[in-house]
Amino acid sequence: MEIKIFGPGCPKCKALHKAVTEVVSEMGLSADVKKVEKLEEIVQAGVMLTPGLMVNGKLKVFGKVPGKEDIKRYIEEEKQ
Numbered sequence: 126m127e128i129k130i131f132g133p134g135c136p137k138c139k140a141l142h143k144a145v146t147e148v149v150s151e152m153g154l155s156a157d158v159k160k161v162e163k164l165e166e167i168v169q170a171g172v173m174l175t176p177g178l179m180v181n182g183k184l185k186v187f188g189k190v191p192g193k194e195d196i197k198r199y200i201e202e203e204k205q
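In structure tokens:
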């Protein structure tokens with residue numbers, strides 16, 4: 126599973142990264158969690174506002190930090 130967090134390193138981006146790594150750990154998943162900070166790559170992914178969250182190539186949310194339950198749901202959707 127590949128999870129990408131899009132953002133230039135702002136506090137919200139860091140909060141999303143922390144929440145995602147915690148959820149992945151809690152779920153006992155083996156996931157490749159990457160931070161994407163290059164503006165060109167962020168725009169290419171369709172992220173209009175940061176932070177953005179992509180799971181297995183599918184953009185799930187951008188412009189806010191979702192709660193852990195939402196993050197868990199996004200991951201579950203892509204596990205199947």
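Residue numbers for the sequence shown, in the working numbering: 126 to 205.
The C-beta atom is built at its ideal place from N, Cα and C for all residues, glycine as well.
Quiz item: Are at least three pairs of beta-carbons, each pair with one atom in the stretch 134-154 and one in the stretch 163-170, less than 8 Å apart?
Solution: Per the Cβ contact rule, the stretch 134-154 is not in contact with the stretch 163-170 (fewer than 3 Cβ pairs under 8 Å).
Self-check item: Residue range of the unbroken alpha helix (DSSP H) whose run includes residue 148
Solution: Reading the sequence shown from its first residue, position 23 is the one you call residue 148. Looking at the DSSP string, the run of the alpha helix (DSSP H) that includes residue 148 is 136-152.
Exercise. Could you spell out the range, first to last residue, of the alpha helix (DSSP H) harbouring residue 164?
Key: Locating residue 164 in the sequence shown gives position 39, counting from the first residue. Element bounds for residue 164: 164-169.
Quiz item: So who's on the other strand from residue 201, going by DSSP bridges?
Solution: Here residue 201 corresponds to residue number 76 of the sequence shown, with the count starting at 1. As far as DSSP is concerned, residue 201 takes part in no beta bridge.
Self-check item: Distance between beta carbons of residue 126 and residue 197, contact taken as under 8 Å
Solution: Start at 1 with the first residue of the sequence shown, and residue 197 comes out as number 72. Start at 1 with the first residue of the sequence shown, and residue 126 comes out as number 1. Not a contact, Cβ separation roughly 13 Å.
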